[in-house]
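Residue numbering for the sequence shown follows this note's numbering, starting at 1 and increasing by one per position.
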Amino acid sequence: MRRLGDAGPGRVFVDCAACKRSGRYTVASLIDRYGADTSTLDLLRHLTASCRYQRAPGAPPARKYEHLCLAAITLPPALKQIPPVPPSTPYTIEIWDRIGGKLELHLATIYPLTAAIAAFEAACLEWPTNEVTLRDRARIVQKRELPPRSATG
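Take a look at the structure:
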């Protein structure tokens, strides 16, 4: 997550191991205060600006025995964008092994039948020596049989 707006609802935790300071903020209040487009690095800098060990951007690095701010930010996980599932049953396209008759590749799971038939035809062209099936759960809708083997082998 690079932006505050990408975080899911919940709390943001900011903890510093050097000065033992910590803070808890809700994502909604931080978005109201700083905006959804604020980067998480800028947000961390804003929230830890009063730390006595904080170094300004572009400042020389800390020397061997100098303290520096070790603040870390923990954001809630992002909301998962799950595409809506159509109410119909999905169709699967599978490529079968020529020698053992085993499933070699589960190529696709497609919802509209017209798109599934088009993908089945494209798979038949792409794998000319394998058996290809288009299934609706266990029922085979279309099947291209194995091409006959030549006598020369």
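Built from N, CA and C at the ideal position, the CB exists for glycine as well.
Pairwise C-alpha distance: alanine 115 and glycine 101:
Position 101 of the sequence shown, counted from the start, is the residue given in the question as residue 101. Position 115 of the sequence shown, counted from the start, is the residue given in the question as residue 115. Taking the straight line joining both Cα atoms gives about 26 Å.
Starting from lysine 143, follow its DSSP beta bridges and name the residues at the other end.
On the sequence shown, position 143 is the one that residue 143 refers to. Bridge partners of lysine 143: Thr133.
In chain order, what residues of the same chain have a beta carbon less than 7 Å from the beta carbon of alanine 7, not counting five sequence neighbours either side?
Within the sequence shown, numbered from 1, the residue matching residue 7 stands at position 7. The residues are Met1, Val27, Leu75, Pro76, Ala78.
Could you tell me how far apart the beta carbons of alanine 36 and arginine 3 are, in whole angstroms, since I believe they sit closer than 8 Å?
Mapped onto the sequence shown, residue 36 falls at position 36. Mapped onto the sequence shown, residue 3 falls at position 3. With a Cβ gap of about 7 Å, alanine 36 and arginine 3 count as contacting.
Which residues DSSP lists as bridging arginine 98, in chain order
Here residue 98 refers to the residue found at position 98 of the sequence shown. For arginine 98, which the question treats as bridged, DSSP gives no partner whatsoever.
Could you tell me which of Tyr91, Leu103, Leu47 sits nearest to arginine 137, measuring between CA atoms?
Stepping through the sequence shown from its first residue, residue 137 is reached at position 137. Residue nearest to arginine 137 within the set Tyr91, Leu103, Leu47 is Tyr91 (criterion: CA-CA distance).
Compare the C-alpha of alanine 49 against each of Lys80, Ser29, Val14, Ile31 and name the closest.
Position 49 of the sequence shown holds residue 49. Among Lys80, Ser29, Val14, Ile31, the Cα nearest to that of alanine 49 is on Val14.
Among the candidates Glu94, Ile117, Pro57, Tyr111, whose CA atom is the shortest distance from the CA of glutamate 131?
In the sequence shown, the residue the question calls residue 131 occupies position 131. Considering only alpha carbons, the answer is Glu94.
Bridge partners of leucine 103, per DSSP?
Within the sequence shown, residue 103 is the residue found at index 103, counting from 1. DSSP, once it has assigned bridges, lists Trp96 as partnering leucine 103.
Do you know how far the Cα of tryptophan 127 is from the Cα of arginine 33?
Within the sequence shown, residue 33 is the residue found at index 33, counting from 1. Within the sequence shown, residue 127 is the residue found at index 127, counting from 1. Using only the alpha carbons, I get a separation of about 56 Å.
By how many angstroms is the C-alpha of proline 112 removed from the C-alpha of tryptophan 96?
Taking the first residue of the sequence shown as position 1, residue 96 is located at position 96. Taking the first residue of the sequence shown as position 1, residue 112 is located at position 112. Cα to Cα, the separation comes out at about 23 Å.
CB of glutamate 104 to nearest heavy atom of the ligand SAM: below 7 Å?
This structure does not include the ligand SAM; it has no bound ligands of any sort.
What does the Cβ neighbour count give for threonine 133, buried or exposed, with the cut at 16 atoms within 10 Å?
What you label residue 133 is simply residue 133 of the sequence shown in a count that begins at 1. Looking at its Cβ environment, which holds 16 or more other Cβ atoms inside 10 Å, threonine 133 is buried.
Coarse secondary structure for cysteine 124, derived from DSSP in three states
Here residue 124 corresponds to residue number 124 of the sequence shown, with the count starting at 1. It is helical.
Exposed or buried, which one is leucine 43 when buried takes at least 16 other CB atoms within 10 Å?
As a position in the sequence shown, residue 43 is number 43, starting the count at 1. So leucine 43 ends up on the buried side.
Please report the residue range of the alpha helix (DSSP H) in which alanine 28 lies.
Within the sequence shown, residue 28 is the residue found at index 28, counting from 1. Boundaries of the alpha helix (DSSP H) around alanine 28: 27 to 34.
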